[in-house]
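Asks: Got a structure for you, written out below as structure tokens; questions coming shortly.
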């Protein structure tokens, strides 16, 4: 039996629905987010300048900003900027960007309370640099290109194409690089991934910069280090860490390299790969073999082509069969570089082999994944791991990273 609905019941249900919808509509969809108690909910123009925030907005145009967080499952955050001309600009902010803003505020506050901790901004750029073009990388990770127009004790002012005039606190600058042809080819938000001194394993004619070094793990069982002693000379070493094998039976390789810049795009170099091979039949005995090579590289740190020629040596004698090296690197995006590394042994009984694959880059680290192939000259067979990486290396860069 259906319940009897009188006009009173219908009116009651309609009123209840209206009240419920009104209450639901009145619930706020967002809330203000305080990025740091140092600045509070609203960041004004003085705080923007004092803490070096939001470099995409000129200090002359900026009025105030606040962060708004949506009361939804994703809790997304939006930066709301009020400009002096009445415009309001909204920009989504990721958790990483929000954390960078918070860290910048705290760092600037620490510098204000402990002035001795400030970095020497006067060494960033000399007074006669006004009028030159620079790539500016801030501690927040933001980067832009601009012409230096003003040189103040605490600030630098740049004229940019998209942002107009931008004033930056010296202490907020992580890296300041004068624009070169090589640097212009790379977008401003692409980080430095090294000086292009190696492909996968093979050297190029480009060298590590003075004070720059790398730590490397190759296929888990080989670890190495390289260090730029000068801009033209580097020294490296690789040791095996085979489990269960005594230290005296481990392999050791030394890789000194000298290189010189011939022109803006050309480098030439020479080096040695020396390998100590333990004699497992006699204690504390080892033999040395190696490869002496010359190499030439055309291009930049991100995109380059290399050719080289080397001769092997062992037991005080130099081999008569040369090894030709051909390879290159092409940076496809901010993170990914494609690499090919090929060796040709000039002997009818040998063939062509090498590596091809990709390197995934981060700010200080990279992961190299290379497949292996071999093609004998007699055409009897062909071997390849196709897309399966047989060569894997993880590299960490330390020290000086300025170009």
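In mature numbering (1 follows the signal peptide of the UniProt record, and there is no 0), the protein residues as written are -25 to -1, 1 to 378.
We put the beta carbon where it would ideally sit given N, CA and C, even for glycine.
Keep in mind the model is a prediction, meaning the values are calculated, not measured.
Using a Cβ-Cβ cutoff of less than 6 Å, which residues in the same chain neighbour residue 125 once the five nearest sequence positions on both sides are dropped?
Replies: Cβ neighbours of residue 125 within its own chain (closer than 6 Å, five residues either side excluded): 132.
Asks: So the candidates are 290, 159, 247; which of them puts its Cα closest to the Cα of residue 178?
Replies: 247
Asks: Which one of 143, 112, 172 has the shortest CA to CA distance from residue 154?
Replies: 112
Asks: Could you spell out the range, first to last residue, of the beta strand (DSSP E) harbouring residue 26?
Replies: Boundaries around residue 26 are those of the alpha helix (DSSP H), 20 to 26, since no beta strand (DSSP E) includes it.
Asks: Going along the chain, which residues of its own chain have a beta-carbon closer than 7 Å to the beta-carbon of residue 305, five neighbours each way excluded?
Replies: Excluding sequence neighbours, residue 305 sits near 278, 312, 313.
Asks: Compare the Cα-Cα distances from residue 23 to each of 80, 74, 45 and report the closest residue.
Replies: Taking the Cα of residue 23 as reference, the smallest distance to any Cα among 80, 74, 45 is reached at 80.
Asks: Under a Cβ-count criterion, where at least 16 other Cβ atoms within 10 Å of its own Cβ denotes burial, should residue 21 be classed as buried or exposed?
Replies: Its Cβ having fewer than 16 others within 10 Å, residue 21 is exposed.
Asks: Does the distance from the CB of residue 287 to the CB of residue 300 come in under 9 Å?
Replies: no
Asks: What residue does the beta strand (DSSP E) around residue 316 start on, and which one ends it?
Replies: 311 to 320
Asks: Determine the DSSP secondary structure at residue 73, reduced to helix, strand or coil.
Replies: helix
Asks: On the DSSP letters alone, give me the boundaries of the alpha helix (DSSP H) that residue 194 sits inside.
Replies: First-last for residue 194: undefined, no H or E at that position.
Asks: Following the continuous beta strand (DSSP E) through residue 159, name the residue where it begins and the one where it ends.
Replies: Not the beta strand (DSSP E): residue 159 falls in the alpha helix (DSSP H), residues 156 to 159.
Asks: Going by DSSP, what residue range makes up the beta strand (DSSP E) through residue 368?
Replies: 366 to 374
Asks: To the nearest angstrom, how far is the alpha carbon of residue 333 from that of residue 309?
Replies: Rounded to the nearest whole angstrom, the CA to CA distance from residue 333 to residue 309 is 13 Å.
Asks: Quick one, which of 321, 224, 293, 348 has its alpha-carbon nearest residue 315's?
Replies: Checked all of 321, 224, 293, 348; the closest Cα to residue 315 is 348.
Asks: Per the contact definition of three or more C-beta pairs closer than 8 Å, is the stretch 132 to 145 in contact with the stretch 30 to 49?
Replies: yes
Asks: With a threshold of 6 Å on Cβ separation, who are the neighbours of residue 12 within its own chain once the five nearest residues in sequence on each side are excluded?
Replies: none
Asks: May I ask you to report which of helix, strand or coil DSSP gives residue 80?
Replies: Note: residue 80 maps to helix in three-state DSSP.
Asks: Check whether the stretch 64 to 84 and the stretch 148 to 162 are in contact - that is, three or more C-beta pairs closer than 8 Å.
Replies: no
Asks: If you measure between the beta carbons of residue 210 and residue 229, is that distance less than 9 Å?
Replies: yes
Asks: Report all residues from its chain with a CB closer than 8 Å to the CB of residue 188; omit the five preceding and five following residues, and keep chain order.
Replies: 200, 201, 202, 203, 372, 373, 374
Asks: Between the C-alpha atoms of residue 198 and residue 119, what's the straight-line distance to the nearest angstrom?
Replies: A straight-line Cα-Cα distance of about 37 Å links residue 198 and residue 119.
Asks: Please report how far the alpha carbon of residue 169 lies from the alpha carbon of residue 242, in whole angstroms.
Replies: 16 Å
Asks: Can you check DSSP and say which residues form a bridge with residue 35?
Replies: Answer is none; residue 35 lacks a bridge partner.
Asks: Report yes or no: is there a C-beta of chain B within less than 9 Å of the C-beta of residue 197?
Replies: Absent from the structure is chain B; it holds one protein chain and no more.
Asks: Using three-state DSSP, classify residue 68 as helix, strand or coil.
Replies: strand
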